[in-house]
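*Asks:* Here you go, one structure.
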Amino acid sequence: MSAMPTSLPQFVPEGAPHLSAMVGLAALRAVCEIGYYGLYVWCVGRMKALLSRAGARRRLEQVSGGVLLLLGLRMALDG
10 MSAMPTSLPQ FVPEGAPHLS AMVGLAALRA VCEIGYYGLY VWCVGRMKAL
60 LSRAGARRRL EQVSGGVLLL LGLRMALDG
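Going by my numbering, the first residue of the sequence shown is number 10, and it counts up by one from there.
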């Protein structure tokens, strides 16, 4: 978010009051961020409910173990 103030001036229309246009663009960006993170939190909550079941956790551990084995094998072969 630290780069946001430096990227906003390019979107201010020519001849528009700079301060009000920048404040409007910053407010729009804040609303978009709130919506994005709200959706993210909702999705994580749904995933938690799904992945907390025993079968799903076991499958996730199997997949993770398989990925780690394949990465180890690749490292051993690349030597």
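For each residue, glycine too, the CB sits at the ideal point set by N, CA and C. Computed from a predicted structure; not experimentally measured.
Is E42 helix, strand or coil by DSSP?
*Replies:* The residue labelled residue 42 in the question sits at position 33 within the sequence shown. Correct three-state label for E42: helix.
*Asks:* Whole angstroms is fine: what's the gap from R55's alpha carbon to S61's?
*Replies:* Translated into positions along the sequence shown, residue 55 becomes position 46. Translated into positions along the sequence shown, residue 61 becomes position 52. Near 10 Å, if we compare the C-alpha coordinates of S61 and R55.
*Asks:* Here's a check: name, in chain order, each residue in its chain whose Cβ is nearer than 8 Å to the Cβ of S29, leaving out the five neighbours to either side.
*Replies:* Translated into positions along the sequence shown, residue 29 becomes position 20. Nothing listed; no residue qualifies.
*Asks:* Which residues bound the alpha helix (DSSP H) around R62?
*Replies:* Taking the sequence shown and counting its residues from 1, one reaches residue 62 at position 53. Careful: R62 lies outside any alpha helix (DSSP H) and carries neither H nor E.
*Asks:* For the ligand NAP, any of its heavy atoms closer than 7 Å to the Cβ of M56?
*Replies:* You won't find the ligand NAP in this model; it holds no ligand whatsoever.
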